[in-house]
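Engineer:
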Amino acid sequence: MKEKIKNIGAYYNQTTNIVTGHLKRLLGNTSTIDEEIKVWEKWINIWSQFTLESFLESNIDAIKAKVPEDSRQDLDMATLAKLLPWSNDAVRGYAVFTYIPFLHNSLTKYLRVQLGHWWSADMHCLVGGMHSLADGFFSDDVLKTDDLVKHAQAFKLSYYSLPSRPNDDWVKVSCYGKSDQSLPVYTYTARVQAVDVESERKGTDLPPLGQLTKESIITHYGDVFKPGRGKPLGDPLHIEVDPSVKPV
Numbered sequence: 413m414k415e416k417i418k419n420i421g422a423y424y425n426q427t428t429n430i431v432t433g434h435l436k437r438l439l440g441n442t443s444t445i446d447e448e449i450k451v452w453e454k455w456i457n458i459w460s461q462f463t464l465e466s467f468l469e470s471n472i473d474a475i476k477a478k479v480p481e482d483s484r485q486d487l488d489m490a491t492l493a494k495l496l497p498w499s500n501d502a503v504r505g506y507a508v509f510t511y512i513p514f515l516h517n518s519l520t521k522y523l524r525v526q527l528g529h530w531w532s533a534d535m536h537c538l539v540g541g542m543h544s545l546a547d548g549f550f551s552d553d554v555l556k557t558d559d560l561v562k563h564a565q566a567f568k569l570s571y572y573s574l575p576s577r578p579n580d581d582w583v584k585v586s587c588y589g590k591s592d593q594s595l596p597v598y599t600y601t602a603r604v605q606a607v608d609v610e611s612e613r614k615g616t617d618l619p620p621l622g623q624l625t626k627e628s629i630i631t632h633y634g635d636v637f638k639p640g641r642g643k644p645l646g647d648p649l650h651i652e653v654d655p656s657v658k659p660v
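Numbering (the working numbering), first residue to last: 413 to 660.
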């Protein structure tokens, strides 16, 4: 396995992908929404027994002790045994590499991000705040009060935007239907207005670290240095230090 691992980030991904793959295999054996919900609960109950730190430092025997035998057939135990345990230095190195100080949090808390892809580099800020998302469905007569269905579960929220047409942004929300067909799959679409923060940056992308200049920063973050926002480029601050005081 060592020759396949390029860096500590890849090492982490390979290790945790075994756990997320476990969930995907379990879900592959379901046929109804109710079964999917039970699988999620089962998976969370198993892996929430570990913190991120305790999981990475566990050997395969510790994994077997907490994963029921009937759930191991969907878990790649052989590969996991080759990847675990991590050394203490590797765990600390990963924490520094990724700026994660709280290794004692539940393993499932960290994995839900890579499972759900809850964020991306292209995220937008809705004008007026997140409540404007709900307003968008009612203000344009997309929904009426009678359209609301209690306990409906949204499974997908898609956002669409063209930088050249900011007033034509729209969002689509898809909700699960019922397995007995009493409630079909619903998809609602509404107009929203969003601001792409990154597209408002002036100039091109910043150069890599080590090649940054004062001019490139001022150009890229020009909105920060607009008049009326303090005096960021004014006289430098000078702090007098008592030479007789020993630094702590």
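Note that beta-carbon positions come from the ideal geometry of N, C-alpha and C, so glycine has one too.
#1: Applying the 10 Å Cβ sphere with the 16-neighbour rule, what's the burial state of Ile475?
#2: For Leu496 and Ser470, which I take to be in contact (beta-carbon distance under 8 Å), what is that distance rounded to the nearest angstrom?
#3: Going by C-alpha to C-alpha distance, which of Ala502, Ser483, Asp654 sits closest to Trp459?
#4: Throw me the rounded Cβ distance for the Val583 and Leu569 pair, which I believe falls under 8 Å.
#5: What three-state label does DSSP hand Leu527 in the structure shown?
#6: So, helix, strand or coil for Trp498, using DSSP?
#7: Comparing the CB of Asn441 with every heavy atom of the ligand ZN, is any distance shorter than 6 Å?
#8: Find out if the Cβ-Cβ distance for the pair Leu492, Ile430 is shorter than 7 Å.
#9: Under the three-state reduction of DSSP, which class applies to Ser466: helix, strand or coil?
#10: Would Tyr572 and Cys587 qualify as a contact pair, given that the criterion is a beta-carbon distance under 7 Å?
#11: Could you check the C-alpha separation between Tyr511 and Gln565 for me, to the nearest Å?
#12: Spatial neighbours of Leu435 within its chain, please: C-beta separation below 8 Å, excluding the five flanking residues on both sides.
#13: Who are Ser518's beta bridge partners in DSSP?
#14: For Thr510, name the three-state secondary structure that DSSP assigns.
#15: On the criterion of 16 or more Cβ atoms from any shown chain inside 10 Å, does Val653 qualify as buried, or is it exposed?
#16: Suppose the cutoff is 7 Å on Cβ atoms and the five residues either side in sequence are ignored; what does the same chain contact list for Leu464 look like?
#17: Determine which residues share a DSSP beta bridge with Val585 and list them.
#18: State the DSSP-derived secondary structure class of Ser628, mapped to helix, strand or coil.
#19: Could you confirm whether any beta carbon from chain D is found closer than 7 Å to the beta carbon of Tyr511?
#20: Where does the unbroken alpha helix (DSSP H) through Gly421 begin, and where does it stop?
Structural biologist: Let me lay it out:
#1: When all chains shown are included, Ile475 counts as buried.
#2: Contact flag correct, Cβ pair sits at about 6 Å.
#3: The candidate whose alpha carbon is nearest that of Trp459 is Ser483.
#4: Cβ atoms of Val583 and Leu569 come within 8 Å of each other, at about 7 Å.
#5: DSSP, reduced to helix, strand and coil, places Leu527 within a helical segment of the structure shown.
#6: Correct three-state label for Trp498: coil.
#7: The ligand ZN is absent from the structure shown, which contains no ligands of any kind.
#8: Leu492 places its beta carbon less than 7 Å from that of Ile430.
#9: The answer is helix: DSSP assigns Ser466 an H, G or I state.
#10: Going by C-beta atoms, Tyr572 is not nearer than 7 Å to Cys587.
#11: About 34 Å.
#12: So the list reads Val451, Trp452, Trp455, Leu527, once near-sequence residues are dropped.
#13: Note: Ser518 sits in a beta bridge opposite Thr463.
#14: DSSP places Thr510 in helix when its eight states are reduced to three.
#15: Using a 10 angstroms sphere on the CB of Val653, the tally of other CB atoms stays under 16, which defines it as exposed.
#16: Excluding sequence neighbours, Leu464 sits near Leu515, Asn517, Leu519, Tyr522.
#17: DSSP output for Val585 lists Leu569, Tyr600 as bridge partner(s).
#18: Helix, per DSSP.
#19: Reference to chain D is not applicable here, since this structure consists of a single protein chain.
#20: Per DSSP, Gly421 belongs to the alpha helix (DSSP H) from 420-439.
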